[in-house]
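Each residue of the sequence shown is one higher than the one before, starting from 29 at the first, in my numbering.
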Amino acid sequence: MTMKLLSQHSGPADNNFMINGRSPGSVAEALRIQDELRPLVDLVGPGPTAPATAAGLDVAYAESGDRLAAAVTVLDATTLAVVDEAVSVGRPAFAYVPGLFAFRELPALLDALDRLTVRPDLLVCDGHGLAHPRRFGLACHLGVVTGLPSIGVGKTPLVGQWDEPGPRRGASTPLRDGGEVVGRVLRTRDGVKPVFVSVGHRMSLDNAVDRVLALTPRYRLPETTRTADRLCRAALAARPR
Numbered sequence: 029m030t031m032k033l034l035s036q037h038s039g040p041a042d043n044n045f046m047i048n049g050r051s052p053g054s055v056a057e058a059l060r061i062q063d064e065l066r067p068l069v070d071l072v073g074p075g076p077t078a079p080a081t082a083a084g085l086d087v088a089y090a091e092s093g094d095r096l097a098a099a100v101t102v103l104d105a106t107t108l109a110v111v112d113e114a115v116s117v118g119r120p121a122f123a124y125v126p127g128l129f130a131f132r133e134l135p136a137l138l139d140a141l142d143r144l145t146v147r148p149d150l151l152v153c154d155g156h157g158l159a160h161p162r163r164f165g166l167a168c169h170l171g172v173v174t175g176l177p178s179i180g181v182g183k184t185p186l187v188g189q190w191d192e193p194g195p196r197r198g199a200s201t202p203l204r205d206g207g208e209v210v211g212r213v214l215r216t217r218d219g220v221k222p223v224f225v226s227v228g229h230r231m232s233l234d235n236a237v238d239r240v241l242a243l244t245p246r247y248r249l250p251e252t253t254r255t256a257d258r259l260c261r262a263a264l265a266a267r268p269r
């Protein structure tokens, strides 16, 4: 039996455009949706400090760019073992527009979330939350629509300036954009390139950093991201057309 995560969340009526799988029909409508949902983001949290489970969300694209696979893996937050997973294969739901990338992937990610049998305590997105030109990246959008605590972990920055953190694991520096702290540049392994952590929804930045460190015991990227990446790539390869 699937979880039907979204059916358990009662949000604003405008959230239904994603709950029902309908994408915006224009750039103007997408911008309006972002403007209406952005005030609903909880940037304070503090969020779960000892979640039982954490979910990774990632999307892989076919070389042609016209197909995608969205994967969600749910990990035991202590052992980091995968306890549930789901995938949705389909087509991008929106054109590629800078700042509106989430609209391409949200319907497939929400479909994958609804296929889960374990409700995760935390969503860890391969992307950004507040560290976004319009302060409403994928992690924020998913958090508001699902009501779940969420954070974004980006491999590269989307906005902002920062100083290089120290070389040891756990070192971090603020990510600033326009004088505002929008995230943290975090070293997850000694001497390895940092990642870019930002709040999505119902989390504090300090807690988000702590959770990312807990999910990265051996590699640069969180185990949530690594497992979801493998799953979506395998799903896409298994269904070439």
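Where a beta carbon is used, it is the ideal one built from N, C-alpha and C, also for glycine.
In the three-state scheme derived from DSSP, where H, G and I count as helix and E and B as strand, histidine 160 is classed as coil. Inter-residue distance for arginine 196 and glycine 219 is about 6 Å (C-alpha atoms, whole angstroms). Comparing C-alpha distances from alanine 265 to each of Thr81, Ala88, Arg239, Arg254 shows the shortest one belongs to Ala88. For the segment 64-108, the continuous beta strand (DSSP E) assignments of 3+ residues that do not extend past its boundaries occur at 81-89, 96-104, in sequence order. Beyond the five residues adjoining it in sequence on each side, threonine 81 comes within less than 7 Å, by CB distance, of Val102, Leu103, Asp104, Ala105, Val111, Val146, Pro148, Asp149 in the same chain, given in chain order.
Rounded to whole angstroms, lysine 221 and glycine 198 show a C-alpha spacing of 12 Å. Excluding residues up to 5 positions away in sequence, Leu108, Glu251 lie with their Cβ nearer than 8 Å to the Cβ of proline 245 in the same chain. Bounds of the beta strand (DSSP E) holding aspartate 112 are 110-118. Of the residues assessed, valine 125 falls on the exposed side of the cut-off, its CB having fewer than 16 other CB atoms within 10 angstroms.
Shown here for aspartate 191: same chain residues with a beta carbon closer than 7 Å to its own, the five before and five after excluded, namely Thr201 in chain order. Under the DSSP assignment, proline 202 falls in the beta strand (DSSP E) whose first and last residues are 200-205. Pairing valine 227 with leucine 68 gives a Cβ-Cβ distance that is not under 8 Å.
Where leucine 141 is concerned, there is no enclosing beta strand (DSSP E), although the alpha helix (DSSP H) around it starts and stops at 130-142. Leucine 158 and arginine 267 have their alpha carbons spaced roughly 34 Å apart. Counting the other CB atoms within 10 Å of its CB gives proline 135 a total of 16 or more, which places it among the buried residues. Within the same chain, Cβ atoms closer than 6 Å to the Cβ of proline 79 are found at Ala105, Asp149, Leu150, the five residues on either side in sequence being excluded.
Your pair arginine 239 and glycine 73 does not check out as a contact, with CB atoms roughly 11 Å apart and the cut at 8 Å. Close CB contacts of leucine 137 within its chain, under the 6 Å cut and outside five residues either way in sequence, are with Leu85, Ala98 (chain order). The shortest CA-to-CA distance from glutamate 64 to any of Arg163, His156, Glu208 is the one to Arg163. In this structure, the straight-line span from the alpha carbon of arginine 143 to that of glycine 188 is close to 36 Å.
Closest in C-alpha terms to phenylalanine 129, from the list Ala114, Tyr247, His156, comes His156.
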